[in-house]
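First to last, the sequence lines map onto chains A and B. Sequential numbering of the first sequence, starting at 1, is according to the working numbering. Sequential numbering of the second sequence, starting at 278, is according to the working numbering. Every residue gets a Cβ at the ideal spot worked out from N, C-alpha and C, and that includes glycine. The structure under discussion appears below in the form of structure tokens.
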Amino acid sequence: MKRESGGEQMEFQGKGPDAWTVGGHRFSSRLLMGTGKFQDTETMVGAVLASGTQIVTVALRRVGRNPREDDMLGPLGELKGITLMPNTSGARNASEAIRAARLGRELCGSPFVKVEIHPNPHHLMPDPIETFEAAKVLAAEGFVVMPYMPADPVLAKRLEDVGCASLMPLGSAIGSGRGLATAEMLRLILRDARIPVIVDAGLRSPSEAAAALEMGCDAVLVNSAVAASGDPVAMAAAFAQAVGAGRNAHRAGLMPQGGGTALATSPLTAFLSVEGS
Amino acid sequence: MVNGEAYEAKPLESVTALLEEMGIGGRPVVVVLNGEVIPAASWNARGLREGDRVELFRLVGGG
Chain A
1 MKRESGGEQM EFQGKGPDAW TVGGHRFSSR LLMGTGKFQD TETMVGAVLA SGTQIVTVAL
61 RRVGRNPRED DMLGPLGELK GITLMPNTSG ARNASEAIRA ARLGRELCGS PFVKVEIHPN
121 PHHLMPDPIE TFEAAKVLAA EGFVVMPYMP ADPVLAKRLE DVGCASLMPL GSAIGSGRGL
181 ATAEMLRLIL RDARIPVIVD AGLRSPSEAA AALEMGCDAV LVNSAVAASG DPVAMAAAFA
241 QAVGAGRNAH RAGLMPQGGG TALATSPLTA FLSVEGS
Chain B
278 MVNGEAYEAK PLESVTALLE EMGIGGRPVV VVLNGEVIPA ASWNARGLRE GDRVELFRLV
338 GGG
């Protein structure tokens with residue numbers, strides 16, 4: 001975007017958020033999108049396009065009795081500039097996740113994998129031990145490993161040490177829409193992480209995505225927040241704007257926070273009363 | 278056996294023919310035969326014998 005006034009500040013505005021790199025791959029969009037729960041393929045593709053996302057997650061399933069039904073991902077493969085990232089959902093342990101990752105790579109032709117192991121259907125919390133074991137093996141095999149993980153700074157460091165390409169801590173439970181319930185833990189992860197941090201689950205509103213980026217997260221991944229919204233295509237666009245705003249706010253640096261007393265914005269010199277009277 | 282269920286198929290049929298018969302010819306699927314991934318390039322050449330275990334996977338929407 002070109003602006004006549006030039007100047008560094010205006011140029012910054014026009015550029016939008018800066019690019020980022022994960023596993024040696026460069027992306028300009030900081031919004032990752034899931035493809036589950038959409039009413040139909042048309043809405044899903046519309047939302048993906050409106051979001052400007054470049055990384056889209058998909059799941060792997062056995063071909064069922066009626067294999068002709070929904071081939072919703074056909075159109076996704078035709079979209080330019082989109083990396084498919086298969087997840088390992090359905091895996092209950094490391095060996096199942098490793099198998100799913102290898103099959104996903106065959107289907108997608110992409111080195112990206114979202115390692116996702118959540119054995120308890122009630123809360124869907126990621127199993128830290130199985131996730132760590134699977135991540136270690138898959139990273140050694142050359143996958144770009146993106147682990148869905150508890151917001152635990154100790155585990156984050158361990159996952160980074162075994163070669164994960166990013167960390168994907170949850171904001172709150174999958175599909176819960178409870179937002180950044182783990183904010184304090186996310187800050188601890190961000191303090192030490194040397195690889196991108198992506199908030200993966202629990203977001204409901206674009207303002208929460210903006211807050212994640214403002215605090216220094218590199219990206220967010222949303223699915224239910226878009227798919228289960230009133231208008232998924234419009235909501236996807238809203239998330240894209242929020243992510244851009246949050247990132248630019250982080251780069252700009254927030255103002256210092258006051259301690260409960262006001263600091264005037266306008267000069268407090270006498271105006272209505274006559275000075276010296 | 279296809280995905281754990283008994284499946285009647287003529288012997289010596291190729292993997293490609295099986296997919297056609299199931300109505301998923303030309304669709305992106307991964308074929309695992311007796312625990313081993315069969316690359317698409319070998320689907321025409323690889324025949325199926327009685328007792329073979331075929332597993333088929335595809336992509337679906339997911340988060």
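Coil, strand or helix - residue i by DSSP
| i | result |
| --- | --- |
| L31 of chain A | strand |
| S5 of chain A | For S5 of chain A, the predicted structure reports a pLDDT of 39, less than 50, and the residue's modelled location is therefore unreliable. A value from the coordinates is still provided. The answer is coil: DSSP assigns S5 of chain A none of H, G, I, E or B. |
| N321 of chain B | coil |
| L107 of chain A | helix |
| E282 of chain B | strand |
| R204 of chain A | coil |
| L310 of chain B | strand |
| E11 of chain A | Residue placement at E11 of chain A is flagged as unreliable, the pLDDT there being 48, under the threshold of 50; a coordinate-derived value is accordingly withheld. |
| L268 of chain A | coil |
| H250 of chain A | helix |
| S277 of chain A | Unreliable positioning characterises S277 of chain A in this predicted model, as indicated by a pLDDT of 49, which lies under 50. The coordinate reading is nonetheless provided below. In this structure, S277 of chain A counts as coil in the three-state DSSP scheme. |
| V199 of chain A | strand |
| E290 of chain B | coil |
| V289 of chain A | For chain A, the structure presents residues 1 to 277; residue 289 of chain A sits outside this window and is missing. |
| I55 of chain A | strand |
| I117 of chain A | coil |
| I301 of chain B | coil |
| A279 of chain A | The requested residue 279 of chain A is not part of the displayed model; chain A covers only 1 to 277. |
| G338 of chain B | strand |
| V63 of chain A | coil |
| F38 of chain A | coil |
| L155 of chain A | helix |
| T261 of chain A | coil |
| L213 of chain A | helix |
| L333 of chain B | strand |
Per-residue contacts from residue i into chain B (C-beta, under 7 Å)
| i | result |
| --- | --- |
| T35 of chain A | G338, G339 |
| L60 of chain A | F334, L336 |
| E106 of chain A | V307, V314 |
| S284 of chain A | Given a span of 1 to 277 for chain A in the structure shown, any question on residue 284 of chain A remains unanswerable. |
| N223 of chain A | G340 |
Closer than 8 Å at the beta carbon, the chain B residues around residue i
| i | result |
| --- | --- |
| F38 of chain A | G338 |
| M44 of chain A | G338 |
| T131 of chain A | Going along chain B, no residue has its Cβ under 8 Å from T131 of chain A, so there is no contact; the nearest lies around 16 Å. |
| E103 of chain A | Note that residue 103 of chain A corresponds to Leu in the displayed sequence, not to Glu. Under the 8 Å cutoff, chain B gives V307, V309, V314, F334. |
| M57 of chain A | Sequence check: residue 57 of chain A is Thr here, not Met. In chain order: G339, G340. |
Within chain B, the residues that residue i reaches when beta carbons sit closer than 9 Å
| i | result |
| --- | --- |
| P86 of chain A | L336, G339 |
| T182 of chain A | Result: empty, since nearest Cβ-Cβ is about 17 Å, beyond 9 Å. |
| L73 of chain A | P305, R335, L336, V337, G338 |
Within chain A, partners of residue i - CB distance below 7 Å
| i | result |
| --- | --- |
| N311 of chain B | Within 7 Å Cβ-Cβ: nothing; N311 of chain B doesn't reach chain A, min ~14 Å. |
| N280 of chain B | R62, V63 |
Straight-line gap, residue i to residue j (C-alpha atoms, nearest Å)
| i | j | result |
| --- | --- | --- |
| E42 of chain A | P267 of chain A | 55 Å |
| N93 of chain A | G104 of chain A | 16 Å |
| R135 of chain A | D127 of chain A | Looking at the sequence shown, residue 135 of chain A is not Arg but Ala. Going by the C-alpha atoms only, they are around 12 Å apart. |
| N280 of chain B | V222 of chain A | 31 Å |
| S51 of chain A | A262 of chain A | 39 Å |
| E141 of chain A | E332 of chain B | 23 Å |
| G77 of chain A | S110 of chain A | 12 Å |
| R187 of chain A | A156 of chain A | 12 Å |
| S172 of chain A | I98 of chain A | 25 Å |
| A19 of chain A | A165 of chain A | 16 Å |
| V58 of chain A | P86 of chain A | 5 Å |
| S28 of chain A | T21 of chain A | 9 Å |
| L107 of chain A | L73 of chain A | 11 Å |
| I55 of chain A | F38 of chain A | 17 Å |
| S277 of chain A | F271 of chain A | Annotation note: pLDDT 49 at S277 of chain A (below 50); position unreliable, coordinate value reported separately. Rounded to whole angstroms, S277 of chain A to F271 of chain A spans 12 Å at the Cα level. |
| T83 of chain A | E297 of chain B | 28 Å |
| S80 of chain A | V233 of chain A | Residue identity differs from the one stated: residue 80 of chain A is Lys in this sequence, not Ser. Cα to Cα, K80 of chain A sits roughly 18 Å from V233 of chain A. |
| K2 of chain A | P121 of chain A | In this prediction, K2 of chain A has a pLDDT of 38, which is less than 50 and means its spatial position is unreliable; what the coordinates show is noted afterwards. Distance between the alpha carbons of K2 of chain A and P121 of chain A is about 50 Å. |
| E313 of chain B | V306 of chain B | 14 Å |
| G244 of chain A | A238 of chain A | 10 Å |
| V294 of chain B | A209 of chain A | One detail in the question is off: residue 294 of chain B reads as Ala in this sequence, not Val. The straight-line gap from Cα to Cα measures roughly 48 Å. |
| R204 of chain A | V45 of chain A | 20 Å |
| R191 of chain A | L167 of chain A | 13 Å |
| E8 of chain A | R158 of chain A | In this prediction, E8 of chain A has a pLDDT of 42, which is less than 50 and means its spatial position is unreliable; nothing more can be read from the coordinates. |
Nearest-angstrom Cβ-Cβ length linking residue i and residue j, presumed shorter than 8 Å
| i | j | result |
| --- | --- | --- |
| G246 of chain A | A211 of chain A | 7 Å |
| V292 of chain B | R335 of chain B | Not quite, the Cβ-Cβ distance comes to about 15 Å (not below 8 Å), so this is no contact. |
| A219 of chain A | L49 of chain A | Not quite, the Cβ-Cβ distance comes to about 18 Å (not below 8 Å), so this is no contact. |
| V199 of chain A | P169 of chain A | 7 Å |
| I174 of chain A | L124 of chain A | 5 Å |
| E214 of chain A | L254 of chain A | 7 Å |
| E160 of chain A | I195 of chain A | 5 Å |
| V337 of chain B | R61 of chain A | 5 Å |
To test your reading of the DSSP string, which unbroken beta strand (DSSP E) runs of 3 or more residues are found completely within the segment 81-105 of chain A?
Here the runs fully enclosed are 83-86.
Enumerate, from N- to C-terminal direction, the unbroken alpha helix (DSSP H) stretches of 4 or more residues contained entirely within the segment 160-196 of chain A.
DSSP runs (the alpha helix (DSSP H)) wholly in the segment 160-196 of chain A: 183-192.
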